[in-house]
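First to last, the protein sequences are chains G and Y. The first sequence lines up with residues 1 to 111 when you count with this note's numbering. The second sequence lines up with residues 1001 to 1113 when you count with this note's numbering. Structure, as structure tokens:
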Amino acid sequence: SQKIEQNSEALNIQEGKTATLTCNYTNYSPAYLQWYRQDPGRGPVFLLLIRENEKEKRKERLKVTFDTTLKQSLFHITASQPADSATYLCALKGGYQKVTFGTGTKLQVIP
Amino acid sequence: NAGVTQTPKFQVLKTGQSMTLQCAQDMNHEYMSWYRQDPGMGLRLIHYSVGAGITDQGEVPNGYNVSRSTTEDFPLRLLSAAPSQTSVYFCASSTLPDSYEQYFGPGTRLTVT
Chain G
1 SQKIEQNSEA LNIQEGKTAT LTCNYTNYSP AYLQWYRQDP GRGPVFLLLI
51 RENEKEKRKE RLKVTFDTTL KQSLFHITAS QPADSATYLC ALKGGYQKVT
101 FGTGTKLQVI P
Chain Y
1001 NAGVTQTPKF QVLKTGQSMT LQCAQDMNHE YMSWYRQDPG MGLRLIHYSV
1051 GAGITDQGEV PNGYNVSRST TEDFPLRLLS AAPSQTSVYF CASSTLPDSY
1101 EQYFGPGTRL TVT
């Protein structure tokens, strides 16, 4: 069956460092992959989308990579700040299937 | 623009009661969807709509009904609430099909006792 895996353990990093979050998937041929940010008590907010034929996408301090051979996407936040603390969700869309969300990874940036 | 709005923000129901969760968007988006979010699980799609008058089932549709009479509104009806429907419900909209870059509402936290 199709599965999306994000590290369920919280990621704690020091302010100013680069945070790297992982999204692994199985049994998908994804058309694209998205990353969302979710703060407590709020709805997810769209951050970035990367298509199957793209290796990397950047937006300000954010970078997403997509390796369809490894079946993995990495989400990087450079020069992290305490305001980046949140839960980050990845979501895959493949073929005629509807988009499927991972469970999210909680990021805590320590001042 | 208000974006996507949802009401109520919190709701407590007794088993067997029915209610409607409201969702509205003012961005003229054709695509709208309802998700539920439970601890340890990703957002799961309940129902979606690709335009006024067109709805379809998602991954977990049982116990829920939807209709889309206008582009702006997409209400979710719980027919006979069950404790298993205790969850946080999110409505989302997108200008493009296939859930591309969705805008989410603030959510409704529902408890069924």
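For every residue, glycine included, the Cβ atom is placed at its ideal position computed from N, Cα and C. Everything numeric in this text was worked out from a predicted model, so none of it was measured.
Between the alpha carbons of Ala1052/Y and Thr1071/Y lies a distance of about 5 Å. Across the set Gln1102/Y, Thr1111/Y, Ser1049/Y, the C-alpha of Gln1102/Y shows the shortest separation from the C-alpha of Leu33/G. Contact residues of the region 1034 to 1047 of chain Y toward chain G are Gly1040, Met1041, Gly1042, Leu1043, Leu1045 (C-beta to C-beta distance below 7 Å). With its beta carbon at least 8 Å from every one in chain G, Gly1051/Y lies outside the interface.
Taking 3 residues as the minimum length, the beta strand (DSSP E) runs contained wholly in the region 64 to 110 of chain G are 72 to 77, 86 to 93, 105 to 110, in order along the chain. With respect to Gln1006/Y, Pro1106/Y sits close: the two C-beta atoms are nearer than 8 Å.
Under the 10 Å beta carbon count, Leu1079/Y is surrounded by fewer than 16 other beta carbons and is classified as exposed.
Contacts with chain G at 8 Å (Cβ-Cβ) include Gln1102/Y. Along the region 37 to 50 of chain G, the positions whose C-beta sits under 8 Å from a C-beta of chain Y are Gly41, Arg42, Gly43, Pro44, Val45, Phe46, Leu49, read in chain order. Under the Cβ distance rule, Phe1010/Y does not count among the residues neighbouring chain G, no pair being separated by less than 8 Å. Boundaries cannot be given for Lys55/G, as no beta strand (DSSP E) includes it and DSSP labels it neither H nor E.
What Pro1083/Y touches in chain G, judged by beta-carbon distance under 7 Å, is nothing: the nearest beta carbon there is about 22 Å away.
Interface flag for Pro1106/Y against chain G is set, since a Cβ pair is found closer than 8 Å.
A Cβ-Cβ distance of about 5 Å is found for the pair Ala19/G and Ser80/G, placing them in contact under the 8 Å criterion.
With 16 or more other Cβ atoms inside 10 Å of its own Cβ, Ile77/G counts as buried. If you draw a 10 Å sphere on the C-beta of Ile110/G, you find fewer than 16 other C-beta atoms in it, and that means exposed. In the structure shown, the three-state DSSP call for Ser29/G is coil.
Per the Cβ contact rule, the region 28 to 45 of chain G is in contact with the region 83 to 101 of chain G (3 or more Cβ pairs under 8 Å). Between the C-alpha atoms of Phe46/G and Ser1094/Y there is a straight-line separation of about 11 Å. Take Pro1083/Y, set aside five residues on each side of it, and the residues of its chain with a beta-carbon closer than 6 Å to its own are Val1112, in chain order. The DSSP-derived three-state label of Ser1084/Y is helix. Residue environment for Arg51/G: exposed (fewer than 16 other C-beta atoms within 10 angstroms of its C-beta).
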